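Protein chains in written order, with my numbering: chain U, 38 to 320; chain L, 6 to 242. The structure appears right after this line, and notes come after that.
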């Protein structure tokens with residue numbers, strides 16, 4: 038009993054290639070992206086994301102049908118996200134916790150952190166997955182709408198070029214939405230172990246800030262318009278008008294550069310808070 | 006009804022971080038009301054309708070309604086409750102009562118106060134919105150409680166109902182109001198308020214009251230049925 042010996046009981050060693058940190062981050066990103074849409078997970082995890090995807094595509098299909106009848110453009114690419122903000126918010130509120138809260142709840146973070154990835158890699162890979170998913174959710178319907186517009190109302194090459202330019206602006210707008218919304222959802226979900234809490238918090242932020250912005254804009258002295266800077270979709274709409282010279286929906290908006298500054302500030306703060314959360318999270 | 010279950014539910018509901026989120030929402034409403042009073046805003050629908058009935062009410066009802074029973078079912082501690090000889094119907098009734106009382110307290114009372122603060126000379130309107138909100142709270146809670154027994158993703162399903170059905174679709178198709186709790190609330194508020202107060206209800210009271218009673222009964226029956234069929238097996242999770 039005095040001396041302990043480690044016997045070689047014949048386990049095979051792994052002499053294959055070690056793929057390392059970069060590969061781990063990429064697979065974490067891809068795994069997260071698949072998970073957001075319920076791919077590789079049971080059928081009941083697929084219901085909600087694909088229901089939202091379906092909701093996102095319905096208006097586009099109706100619009101194309103109307104265009105083919107009337108021959109005129111009935112909608113613009115850049116209004117799409119703000120008009121479908123409810124499904125976008127639901128998708129974010131339901132799927133960001135799916136991405137982050139479950140790992141905390143089932144205490145698998147130590148397993149990730151014992152691999153050759155850093156904690157910040159984990160957080161950023163998850164963030165990237167959510168941003169990509171949000172972008173796909175916006176860009177998919179826009180792509181179909183672009184194809185539909187080319188097929189139904191573009192009679193000259195100039196028409197098609199015009200459609201393509203508008204489509205590109207729509208995609209840029211989609212990128213802004215994806216980054217800000219994705220960062221918002223991920224940073225909230227990072228703080229909740231329970232999925233339902235995170236969902237309620239994301240949707241609470243969305244509903245309350247937009248209701249506050251809406252209510253404040255009803256104030257007669259016009260100072261209430263600054264509320265628009267603190268509600269995600271009105272902020273993003275201001276950004277669209279400012280950067281992409283889009284058509285104005287709301288006439289009494291804030292001076293436009295403010296939208297840019299506030300958007301960037303929010304994203305930076307969200308990312309820093311997210312990184313800090315995962316630097317200090319107890320495993 | 007069971008006093009012990011009621012007390013435990015009440016403590017679980019208001020004892021954790023959730024109470025902060027719950028209290029935050031009415032506080033925002035009251036702050037807005039103060040801003041309205043200072044800014045002399047006259048658009049009642051912005052404050053009491055868009056914020057109160059369309060955002061605060063469903064959100065609080067969703068958090069409370071899915072929290073009273075759904076949280077226990079999800080984390081597996083519900084089996085300690087289900088294993089006792091308490092009738093499942095008594096469990097549902099008690100949870101429903103607690104959720105309804107808490108939701109009314111966190112929605113209808115702030116709604117009334119916000120109305121009084123923002124529009125001091127229109128008390129009747131504040132009362133109307135408060136009563137409408139209180140009734141809406143009870144109906145919402147019944148629905149969300151049933152959802153939380155029927156599905157694990159009650160929060161998400163409830164959100165889709167509130168945002169897509171009541172929010173998005175109801176603005177295109179007015180007939181949807183017949184199946185919209187928000188419209189029941191507005192309908193009741195409209196019946197109480199002065200004729201001159203413009204409350205955007207598109208369902209008549211004669212439709213709203215029977216419908217909301219049916220919804221409450223059906224939802225509670227469903228909750229009891231689903232909970233009665235809940236099998237207890239194996240170790241607690």
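Beta carbons are placed, not taken as given, at the ideal position from N, Cα and C, and that holds for glycine. Please read these numbers as outputs of a predicted model, since none were measured by experiment.
*asked:* Using a Cβ distance threshold of 8 Å, determine whether the stretch 154-163 of chain U contacts the stretch 205-224 of chain L, with at least three qualifying pairs required.
replied: no
*Does the stretch 258-275 of chain U come close enough to the stretch 86-101 of chain L to have 3 or more Cβ pairs within less than 8 Å?*
no
*Check the Cβ-Cβ distances between residue 358 of chain U and every residue of chain L, and say whether any is below 9 Å.*
No information on residue 358 of chain U is available, as it lies outside the stretch 38 to 320 that chain U covers here.
*Taking residue 165 of chain U as the reference, give the member of U/43, U/278, U/71 with the closest Cα.*
U/71
*Give, in chain order, every unbroken run of the beta strand (DSSP E) that is at least 3 residues long and sits entirely within the stretch 146-186 of chain L.*
none
*Start-end ranges of the beta strand (DSSP E) lying completely within the stretch 224-302 of chain U, minimum 3 residues*: none
_Which residues in chain U have a C-beta closer than 7 Å to the C-beta of residue 60 of chain L? List them in chain order._
244, 245, 248
*Buried or exposed (CB count within 10 angstroms, at least 16 for buried), residue 171 of chain L*: buried
*Inspect the beta-carbon positions of residue 145 of chain L and residue 67 of chain L and report whether they are closer than 9 Å.*
yes
*Can a CB atom of chain L be found closer than 9 Å to the CB of residue 160 of chain U?*
no
*From residue 140 of chain L to residue 200 of chain U, what distance separates their C-alpha atoms?*
50 Å
*asked:* Which residue marks the beginning of the alpha helix (DSSP H) containing residue 79 of chain L, and which one marks its end?
replied: 75-80
*Would you tell me roughly how many angstroms separate the C-alpha atoms of residue 294 of chain U and residue 274 of chain U, rounded to the nearest one?*
12 Å
*Thinking just about the alpha-carbon of each residue, which of U/138, U/197, U/175 is nearest to the one in residue 315 of chain U?*
U/138
*In the stretch 137-168 of chain L, which residues sit with their C-beta less than 7 Å from some C-beta in chain U, listed in chain order?*
158, 160, 161, 164, 165, 168
_Taking a contact to mean a Cβ-Cβ separation below 9 Å, would you say residue 19 of chain L touches residue 107 of chain L in this structure?_
yes
*Going by C-alpha distance, which of L/51, L/230, L/120, L/63 is nearest residue 35 of chain L?*
L/120
*Alpha carbon of residue 159 of chain L to alpha carbon of residue 297 of chain U, nearest angstrom*: 37 Å
_Environment of residue 10 of chain L [buried if 16+ CB atoms lie within 10 Å]_ = buried
*For residue 82 of chain U, which residues from the same chain have a beta carbon less than 7 Å from its beta carbon, with the 5 sequence-adjacent residues on both sides left out?*
75
_Cβ neighbour criterion (16 or more within 10 Å) applied to residue 195 of chain U_ = exposed
*Under 8 Å Cβ-Cβ, which residues of chain U neighbour residue 71 of chain L?*
233
*Where the stretch 166-197 of chain U meets chain L: residues whose CB sits under 8 Å from a CB there*: none
*Taking just the CA atoms, how far does residue 107 of chain U sit from residue 188 of chain U?*
13 Å
_Which residues of the stretch 185-202 of chain L have a Cβ closer than 8 Å to any Cβ of chain U? Give them in chain order._
none
*Euclidean distance between Cα positions of residue 306 of chain U and residue 220 of chain U*: 9 Å
_Of the listed residues L/183, L/13, L/101, nearest to residue 222 of chain L (C-alpha basis)_ = L/101
*Closer than 9 Å by beta-carbon distance: list the chain U residues that pair up with residue 172 of chain L, in chain order.*
123
_Span of the alpha helix (DSSP H) around residue 202 of chain L_ = No alpha helix (DSSP H) contains residue 202 of chain L, which DSSP labels as neither H nor E.
*In the stretch 30-42 of chain L, which residues sit with their C-beta less than 8 Å from some C-beta in chain U, listed in chain order?*
30, 33, 37, 40, 41
*Kindly list the residues whose CB is nearer than 7 Å to the CB of residue 176 of chain U, restricted to its own chain and excluding five residues on each side of it in sequence; keep chain order.*
208, 211
*Is residue 239 of chain U near residue 133 of chain U, with beta carbons less than 9 Å apart?*
yes
*Between residue 236 of chain U and chain L, is there a C-beta pair that is closer than 9 Å?*
yes
*Going by Cα to Cα distance, which pick from U/119, U/197, U/236 is closest to residue 162 of chain L?*
U/236
*Where residue 64 of chain L meets chain U, residues with beta-carbon distance less than 9 Å*: 237, 240, 241, 244, 245
*Pick from L/75, L/125, L/166, L/99 that is closest to residue 92 of chain U, judged by C-alpha positions*: L/166
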